[in-house]
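Numbering (our numbering), first residue to last: 78 to 412. Even glycine gets a Cβ: it sits at the ideal position worked out from N, Cα and C. Working notes, beginning with the structure itself.
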């Protein structure tokens, strides 16, 4: 009897609760739902870019001698890149291939890809060419001798190596690929655009990862010279204007608007052009084009003056600090 009475009381209580809930539903009230707590990603401060370290990376490359394909300096420098990126904890892929020079020489070339956290799907691609030109055709002396390519070649990889060192010291859960293009600067001034950028042409048709499509893609070229000016280059603005605007606004907030003028210049033939054409990756170009007219490049371009005396730590700092902020703020969700 007591057991039946207990069951009856429980039934009444359940009916009462159901009735209250039904009345609340009828009156438009919703039952209380515990709030969903979203996991937060810890924000990471943007580190300082060390321009002295970047300068030393540029100097080390130049000390090998002109990095012309098929030379001992070229081979030794490539081996050093591989060793240095691995020392910083990166996975390194050597994409060795042969490319025919417009003069008929077959170059033994090497694109070097350094991967930071290769398993992560969200990736930023940063690229630069590393070879130096086989002749100083814009100079008034020793035109048939190769140039050091301190700015035109070594500066871009120098900034990438310092960015890699920074990531190794202050890690992020974001993927970054540093791509060192070979055989960019061996083209024919009076020939077809396809005589240039042979390394990026090969890479863009033979991507190191299947269906590779980075979240952002940026090319460096001549990013260490004195009095550099990085105007908004035409191809970049056509394919990825938002990326250009983000980086240029970021540079301005950091105090580098003098280096990154808010003005557009015509498109040029550079590695990013073939990456866009062949791989459909919207890569932008940060390249010094300080002059107007038919010769927009720095005064030391394709001259023997493109040596360490042309390199300015302030320019390396402007580009390097802007790109450091770009990487870390992308991770923080600011960009």
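Cut-off 8 Å between Cβ atoms - residues of its own chain near residue 299, not counting five sequence neighbours on either side: Working through the chain shown from its first residue, we reach residue 299 at position 222. 228, 229, 232, 233, 305, 364, 365, 374, 375, 378.
Proximity below 9 Å, CB of residue 256 to CB of residue 176: Reading the chain shown from its first residue, position 179 is the one you call residue 256. Reading the chain shown from its first residue, position 99 is the one you call residue 176. Cβ atoms of residue 256 and residue 176: not closer than 9 Å.
Sequence-distant residues of the same chain with beta carbon closer than 7 Å to residue 99, five excluded per side: Taking the chain shown and counting its residues from 1, one reaches residue 99 at position 22. For residue 99, the pLDDT reaches just 44, beneath the cut-off of 50, and the residue's location in the model is therefore unreliable, leaving the point undetermined.
Whether residue 245 touches residue 167 by CB criterion (9 Å): Start at 1 with the first residue of the chain shown, and residue 245 comes out as number 168. Start at 1 with the first residue of the chain shown, and residue 167 comes out as number 90. The answer is yes: Cβ separation under 9 Å.
Within 9 Å, strictly: CB atoms of residue 153 and residue 381: Against the chain shown, residue 153 aligns to sequence position 76. Against the chain shown, residue 381 aligns to sequence position 304. Cβ atoms of residue 153 and residue 381: not closer than 9 Å.
Closer than 8 Å: residue 315 CB and nearest the ligand ZN heavy atom: For the structure depicted, the ligand ZN is absent and the ligand set is empty, with no information on it obtainable.
Coarse secondary structure for residue 412, derived from DSSP in three states: Against the chain shown, residue 412 aligns to sequence position 335. The DSSP-derived three-state label of residue 412 is coil.
Residue environment, residue 332, which counts as buried when at least 16 other CB atoms sit within 10 Å: Taking the chain shown and counting its residues from 1, the one referred to as residue 332 is at position 255. Exposed, because fewer than 16 other Cβ atoms sit within 10 Å of the Cβ of residue 332.
Contact check, residue 138 vs residue 157, beta carbons under 9 Å: Position 61 of the chain shown, counting from 1, holds the residue named residue 138. Position 80 of the chain shown, counting from 1, holds the residue named residue 157. Residue 157 is positioned such that its CB atom lies closer than 9 Å to that of residue 138.
Buried or exposed (CB count within 10 angstroms, at least 16 for buried), residue 197: Working through the chain shown from its first residue, we reach residue 197 at position 120. By the neighbour-count rule (16 or more Cβ atoms within 10 Å), residue 197 is not buried but exposed.
Beta-carbon gap between residue 263 and residue 121 smaller than 9 Å: Within the chain shown, numbered from 1, the residue matching residue 263 stands at position 186. Within the chain shown, numbered from 1, the residue matching residue 121 stands at position 44. Result no, Cβ atoms of residue 263 and residue 121 do not sit closer than 9 Å.
Proximity below 9 Å, CB of residue 195 to CB of residue 286: By 1-based counting over the chain shown, the position of residue 195 is 118. By 1-based counting over the chain shown, the position of residue 286 is 209. Taking a C-beta distance under 9 Å as the contact criterion, residue 195 and residue 286 qualify as a contact pair.
Span separating the alpha-carbon of residue 200 from that of residue 143: Along the chain shown, read from residue 1 onward, the residue named residue 200 stands at position 123. Along the chain shown, read from residue 1 onward, the residue named residue 143 stands at position 66. Each residue's Cα considered, the two are about 32 Å apart.
C-beta atoms of residue 258 and residue 274 nearer than 9 Å: Position 181 of the chain shown holds residue 258. Position 197 of the chain shown holds residue 274. In contact: residue 258 and residue 274 (Cβ atoms closer than 9 Å).
Neighbourhood of residue 106 by C-beta, 6 Å cutoff - its chain only, sequence neighbours within 5 removed: Along the chain shown, one-based indexing puts residue 106 at 29. With a pLDDT of only 49 at residue 106, under the threshold of 50, the placement of this residue in the model should not be trusted; the figure read from the coordinates follows. For residue 106, where only same-chain residues beyond five positions count, there are no Cβ hits under 6 Å.
Entirely enclosed alpha helix (DSSP H) segments - the region 215–253, minimum 4 residues: Runs of the alpha helix (DSSP H) inside the region 215–253: 232–246.
Residue 391 to residue 350 span [Cα, whole Å]: Residue 391 sits at position 314 when you count from the first residue of the chain shown. Residue 350 sits at position 273 when you count from the first residue of the chain shown. Rounded to the nearest angstrom, the gap between the Cα atoms of residue 391 and residue 350 is 28 Å.
Start-to-end residues for the alpha helix (DSSP H) that takes in residue 362: If you number the chain shown from 1, residue 362 lands on position 285. Taken as a continuous stretch (DSSP letters only), residue 362 belongs to no alpha helix (DSSP H), being part of the beta strand (DSSP E) at 361–364.
Boundaries of the beta strand (DSSP E) in which residue 164 is found, first to last residue: Taking the first residue of the chain shown as position 1, residue 164 is located at position 87. Counting along the chain, residue 164 falls outside any beta strand (DSSP E), though it belongs to the alpha helix (DSSP H) covering 149–164.
Check whether residue 241 and residue 191 have beta carbons under 9 Å apart: Locating residue 241 in the chain shown gives position 164, where the first residue counts as 1. Locating residue 191 in the chain shown gives position 114, where the first residue counts as 1. Contact check for residue 241 against residue 191 passes: the beta carbons are separated by less than 9 Å.
Cα-Cα separation between residue 280 and residue 292, rounded to whole angstroms: Here residue 280 refers to the residue found at position 203 when the chain shown is read from its first residue. Here residue 292 refers to the residue found at position 215 when the chain shown is read from its first residue. Between residue 280 and residue 292, the C-alpha separation is close to 18 Å.
Entirely enclosed beta strand (DSSP E) segments - the region 262–327, minimum 3 residues: Here the runs fully enclosed are 293–298.
Residue of 123, 216, 288, 237 minimising C-alpha distance to residue 131: Mapped onto the chain shown, residue 131 falls at position 54. Among 123, 216, 288, 237, the Cα nearest to that of residue 131 belongs to 237.
Expected contact under 8 Å - CB spacing of residue 135 and residue 235 to nearest Å: Counted from its first residue, the chain shown places residue 135 at position 58. Counted from its first residue, the chain shown places residue 235 at position 158. With 8 Å as the limit, residue 135 and residue 235 qualify as a contact, their Cβ atoms being about 4 Å apart.
Residue 101, buried or exposed, once every other Cβ within 10 Å from all chains shown has been counted against 16: Taking the chain shown and counting its residues from 1, one reaches residue 101 at position 24. The predicted model places residue 101 with a pLDDT of 48, which falls under 50 and marks its position as unreliable; any figure quoted below should be read in that light. Classification for residue 101: exposed.
Spatially closest choice to residue 343 from 325, 357, 323, 314, by CA coordinates: Taking the first residue of the chain shown as position 1, residue 343 is located at position 266. Nearest of 325, 357, 323, 314 to residue 343, Cα basis: 314.
Residue 371 (DSSP reduced to helix, strand or coil): Locating residue 371 in the chain shown gives position 294, where the first residue counts as 1. Secondary structure at residue 371: coil, using DSSP grouped into helix, strand and coil.
Among 386, 357, 327, 394, the one whose alpha carbon lies nearest that of residue 407: Start at 1 with the first residue of the chain shown, and residue 407 comes out as number 330. Closest by alpha carbon: 327.
Helix, strand or coil at residue 171 according to DSSP, with G and I counted as helix: Within the chain shown, numbered from 1, the residue matching residue 171 stands at position 94. Look at residue 171 here: in three-state DSSP terms it is strand.
Burial state of residue 211 (16 or more Cβ within 10 Å): In the chain shown, residue 211 corresponds to position 134, counting from 1. Buried, since its Cβ has 16 or more Cβ neighbours within 10 Å.
Per-residue burial, residue 394 [other beta carbons within 10 Å of its own, 16 or more giving buried]: Taking the first residue of the chain shown as position 1, residue 394 is located at position 317. The C-beta of residue 394 has 16 or more other C-beta atoms within 10 Å across all chains shown, which makes the residue buried.
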